[in-house]
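My numbering applies: residue 1029 is where the sequence shown begins, and numbers increase by one.
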Amino acid sequence: MEFSGKRGSCGKGARPENGGEGLKALEIRTEASIYKTNQSGGPQMQEEQNPEIHEVAEGTGMEELLKQAELAVQEHRDAWLRARAEADNVRKRAQLDIANAHKYAIENFSTDLLSVKDSLESALAVEKATIESMKDGVELTLKQLASVFAKYRIEEINPLGEKFDPHHHQAISMLPSDQPANTVIQVLQKGYRLNERIIRPALVIVAQG
């Protein structure tokens, strides 16, 4: 009977202790399971959130690149506009210079001719001038005019005795002569050239062959 009582007593005393340990073990396993679930769910949630973060970062980077590109385009456009404006100014100045050159090309020449005119007027102002003095005055004025022509490279064409040249001479008639055919035998009006350019051909008569 003692054996049975001890057995029953031992069995009843062991159950509460084993039950408490079992509950603790169950709680530990449950907490571990929850921890694992959280651990496995954490990275997944991060992976779900990371694409949005990357998209925002990429969007911000693209906007910055776009702003930089727009600034570069604006700078190039401003530089192009400045270059175009400068080119237009240069072209306008060149056109003005050309127009002034054409307009005032003979200004200096005209100024030098005024002195010749003054000499002629002075000669006419003499009341008691002799023919000889008038001739001397005309010769001096002619020399003065010749110096003006020489200054501006206006050359006289006097082809007497030369072979007729249609580029420099204008024949108005042909006469029999002991000179070779097409030789200039008379100059009716001298010609003139300016810097090798004919401004008036010489009027001539040539020998008939």
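Every residue, glycine too, gets a C-beta built ideally from N, C-alpha and C.
Residue i versus residue j - alpha carbon distance
i	j	result
Ala1151	Gly1165	7 Å
Glu1091	Ala1097	10 Å
Lys1179	Lys1145	17 Å
Ile1226	Leu1173	19 Å
Met1162	Lys1191	37 Å
Arg1181	Asn1223	6 Å
Lys1095	Val1101	10 Å
Distance CB(residue i)-CB(residue j) smaller than 7 Å
i	j	result
Leu1231	Gln1198	yes
Ile1213	Ser1201	no
Val1176	Asn1210	no
The beta strand (DSSP E) enclosing residue i, as first and last residue numbers
i	result
Glu1155	Counting along the chain, Glu1155 falls outside any beta strand (DSSP E), and DSSP gives it neither H nor E.
His1196	Counting along the chain, His1196 falls outside any beta strand (DSSP E), and DSSP gives it neither H nor E.
Gly1219	1219–1222
Glu1184	1182–1185
Leu1231	1230–1236
Which residues DSSP lists as bridging residue i, in chain order
i	result
Val1166	Val1166 pairs with nothing; no bridge assigned.
Leu1203	Ala1235
Val1212	Val1234
Ile1226	Arg1221
- prompt: With a cut-off of 8 Å, do at least 3 Cβ pairs link the region 1214–1228 to the region 1180–1195?
  reply: yes
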